[in-house]
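All remarks here apply to the structure that follows.
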Amino acid sequence: MNMSEIYPALAARNVTIGYRGTPVADGLNMEISTGCVTALIGPNGVGKSTLIKTLTAEMPPLCGKVELMGKDIRSYSRKELSRLQSIVTTDPVAAGGLTVKELVGLGRQPHTGFLGRMSDVDVNAGDRAMEDVGIYHKRNSYVAELSDGERQKTMIAKAIAQDTPVIVLDEPFSFLDVAARIEILQLLNDIAAGGRCVLYSSHDVSQALRMAACVILFTRDRKLVSGTPEELVGTGAISTLFGSDKVVFSTAEKDFVGRDYINKKF
1039 MNMSEIYPAL AARNVTIGYR GTPVADGLNM EISTGCVTAL IGPNGVGKST
1089 LIKTLTAEMP PLCGKVELMG KDIRSYSRKE LSRLQSIVTT DPVAAGGLTV
1139 KELVGLGRQP HTGFLGRMSD VDVNAGDRAM EDVGIYHKRN SYVAELSDGE
1189 RQKTMIAKAI AQDTPVIVLD EPFSFLDVAA RIEILQLLND IAAGGRCVLY
1239 SSHDVSQALR MAACVILFTR DRKLVSGTPE ELVGTGAIST LFGSDKVVFS
1289 TAEKDFVGRD YINKKF
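Have a look at this one:
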């Protein structure tokens, strides 16, 4: 039986996150299942990136436990982890001397043999991923020649080619235009619908509410509130996101607007 049928694909159990013993947030609990895209949203500086790094074992929790496929994430070897979880960040990648095809191919390393030779299956997985994100036409270009948006698409393709049950993306759409964001989000929805877990963090609240099946709100008081977009809007939780009486959430617009706009329009 697939473990994801018994356990959440990714979970935080009473986790405290922080740096060098200094807590950023404590008592964090969340569960993310396969089959849908989950968006992590919250104000700037609340700790979203720190949480993402903790959920991907880049940094350890100060307290509590992160579980991946039902097991403590710290119990996996690096190779085991690379077969279960792929990660996309906005951190600069020192891969300018590689072509797009070569960089995406690195996503297949967890599946290649000791010598790292690419089989036809590996090559085809990389080609499909490049086609899916719309970067295949640049496959022979060097990464150093790419725009920021093209480089980000390449990193997303690498994560998809890695073919893991869990994909975690930290601000993956920062350098993409609106059309590319929608296309990539639709692709992630299709991937999740095939039985994988997809978690991404974003500053684009309105897009998350429109396109994510589940939303985790990292509140201003550093707690996690989970639900469907409709639930978070209905309970009013989403309205506390920015903590300003001049900015309110409009259910009609499905977005944050100035209070003066609401008064004038309605």
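The numbering of the sequence shown is the numbering used here, which starts it at 1039 and goes up by one. For glycine and all other residues, C-beta sits at the position ideal for the given N, C-alpha and C. None of these values were measured; they are calculated from a predicted model.
{"Item": "Alpha carbon to alpha carbon, how far is residue 1159 from residue 1254?", "Value": "36 Å"}
{"Item": "So residue 1055 and residue 1066 are in contact, right, with Cβ under 8 Å, and what is the actual spacing, rounded?", "Value": "7 Å"}
{"Item": "Do residue 1251 and residue 1074 count as a contact pair if the criterion is CB distance below 9 Å?", "Value": "yes"}
{"Item": "Give a yes or no on whether the C-beta atoms belonging to residue 1223 and residue 1247 are separated by under 9 Å.", "Value": "no"}
{"Item": "At 4 residues or longer, what runs of the alpha helix (DSSP H) sit wholly inside the segment 1221–1257?", "Value": "1243–1249"}
{"Item": "Skipping 5 residues on each side, what residues in its chain have a beta carbon closer than 6 Å to that of residue 1392?", "Value": "The first residue shown for the chain is 1039 and the last is 1304, placing residue 1392 beyond what the model contains."}
{"Item": "Between the alpha carbons of residue 1265 and residue 1076, how many angstroms are there, rounded?", "Value": "10 Å"}
{"Item": "Whole angstroms is fine: what's the gap from residue 1196's alpha carbon to residue 1126's?", "Value": "9 Å"}
{"Item": "List the endpoints of the continuous beta strand (DSSP E) containing residue 1063.", "Value": "1060–1070"}
{"Item": "Which same chain residues, not among the five before or five after residue 1304, have their C-beta less than 7 Å away from its C-beta?", "Value": "Confidence at residue 1304 is low in this model, with a pLDDT of 49, below 50, so its placement is unreliable and the value that follows should be read with caution. Here the set comprises nothing."}
{"Item": "If I'm right that residue 1226 touches residue 1171 with Cβ under 8 Å, what's the distance once you round it to whole angstroms?", "Value": "No, residue 1226 and residue 1171 are not in contact; Cβ-Cβ is about 10 Å, not under 8 Å."}
{"Item": "Relative to the C-alpha of residue 1161, which residue among 1060, 1176, 1128 and 1145 is closest?", "Value": "1145"}
{"Item": "Would you call the segment 1129–1141 and the segment 1180–1193 in contact, with 3 or more CB pairs under 8 Å?", "Value": "yes"}
{"Item": "With H, G and I counted as helix, E and B as strand and the rest as coil, what does DSSP make of residue 1118?", "Value": "helix"}
{"Item": "Considering only the beta carbon of each residue, do residue 1050 and residue 1099 sit closer than 9 Å?", "Value": "yes"}
{"Item": "Closer than 6 Å by C-beta to residue 1101: which residues in its own chain qualify, once you throw out the five before and the five after it? Chain order, please.", "Value": "1054"}
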